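Residue numbers (my numbering): 20 to 217.
Built from N, CA and C at the ideal position, the CB exists for glycine as well.
Every value quoted in this text rests on a predicted model; they were computed, and no experiment measured them.
Everything below concerns the one structure shown next.
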């Protein structure tokens, strides 16, 4: 049997709680959750793929959608003007298949590309860097090129200490380390590298 899924708007961080409440209204709900790597190996967490939204359909055929806006933590059904759009069952099935593949691996983690500018944050260190080689998993080190003691050197950095830089019109154009002294570049393929411990 093919179902028509409708979108429920919920309060933030109350998706799981809301899903249990909807069951009392004869509604079958689906809260897509994606695995997000944590700083500790084998202790991954799951977060809603669409924060503040759930998918739901009626348990019984020809059953009308109940009013749910009066329920605490629920704003109601997603509508466009007076239209109540629905999502085909095949689309929900595709979301489930995609999430299964993602969650069966390392989950949703940033796959940095060589040459990408990033921010390295570890303890009191907060420096711009450039990706040389991305980590093979979120629990391994990535190789970056970062400023250290007035030079650019390769460094091995735990993946969770690397943050993407939000897009901005401003560019990091610093080419000196003060008083016109140029920053010397070291070959990125050098075997000498700084390792930031996990």
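Is the CB-CB distance between residue i and residue j below 8 Å?
{"i": "residue 139", "j": "residue 131", "result": "no"}
{"i": "residue 118", "j": "residue 68", "result": "yes"}
{"i": "residue 184", "j": "residue 161", "result": "no"}
{"i": "residue 106", "j": "residue 53", "result": "no"}
{"i": "residue 133", "j": "residue 159", "result": "no"}
{"i": "residue 126", "j": "residue 55", "result": "yes"}
Please go through the same chain and pick out, in chain order, the residues whose beta-carbon is closer than 6 Å to the beta-carbon of residue i, but skip the five residues on each side of it.
{"i": "residue 97", "result": "26, 28"}
What is the rounded straight-line gap between the Cα of residue i and the Cα of residue j?
{"i": "residue 43", "j": "residue 73", "result": "15 Å"}
{"i": "residue 143", "j": "residue 51", "result": "36 Å"}
{"i": "residue 37", "j": "residue 135", "result": "40 Å"}
{"i": "residue 31", "j": "residue 141", "result": "29 Å"}
{"i": "residue 100", "j": "residue 93", "result": "19 Å"}
{"i": "residue 190", "j": "residue 168", "result": "Since pLDDT at residue 190 reaches only 48, below the 50 mark, its modelled position is unreliable, and no value is offered."}
{"i": "residue 62", "j": "residue 82", "result": "41 Å"}
{"i": "residue 196", "j": "residue 146", "result": "The predicted model places residue 196 with a pLDDT of 46, which falls under 50 and marks its position as unreliable; any figure quoted below should be read in that light. Their backbone Cα atoms lie some 14 Å apart in a straight line."}
{"i": "residue 24", "j": "residue 124", "result": "27 Å"}
{"i": "residue 66", "j": "residue 163", "result": "28 Å"}
Apply the 10 Å Cβ neighbour rule to residue i and answer buried if 16 or more other Cβ atoms are within range, or exposed otherwise.
{"i": "residue 110", "result": "exposed"}
{"i": "residue 75", "result": "buried"}
{"i": "residue 165", "result": "buried"}
{"i": "residue 193", "result": "Only weak support exists for where residue 193 lies, its pLDDT of 46 falling under 50; the value from the coordinates is given anyway. Classification of residue 193: exposed, given that the 10 Å Cβ count is below 16."}
{"i": "residue 173", "result": "buried"}
{"i": "residue 64", "result": "exposed"}
{"i": "residue 148", "result": "buried"}
{"i": "residue 34", "result": "buried"}
{"i": "residue 48", "result": "buried"}
{"i": "residue 70", "result": "exposed"}
Excluding sequence positions up to five away, which residues of its chain have a Cβ less than 7 Å from the Cβ of residue i?
{"i": "residue 40", "result": "90"}
{"i": "residue 77", "result": "45, 46, 84"}
{"i": "residue 22", "result": "76, 108"}
{"i": "residue 112", "result": "none"}
{"i": "residue 95", "result": "28, 87, 88"}
{"i": "residue 129", "result": "183"}
{"i": "residue 155", "result": "none"}
{"i": "residue 150", "result": "131, 132, 133, 134, 135, 137, 161, 163"}
Excluding sequence positions up to five away, which residues of its chain have a Cβ less than 8 Å from the Cβ of residue i?
{"i": "residue 20", "result": "80"}
Give a yes or no on whether 8 Å exceeds the smallest Cβ distance from residue i to chain D.
{"i": "residue 179", "result": "Looking at the structure shown, chain D is missing, and only one protein chain is on hand."}
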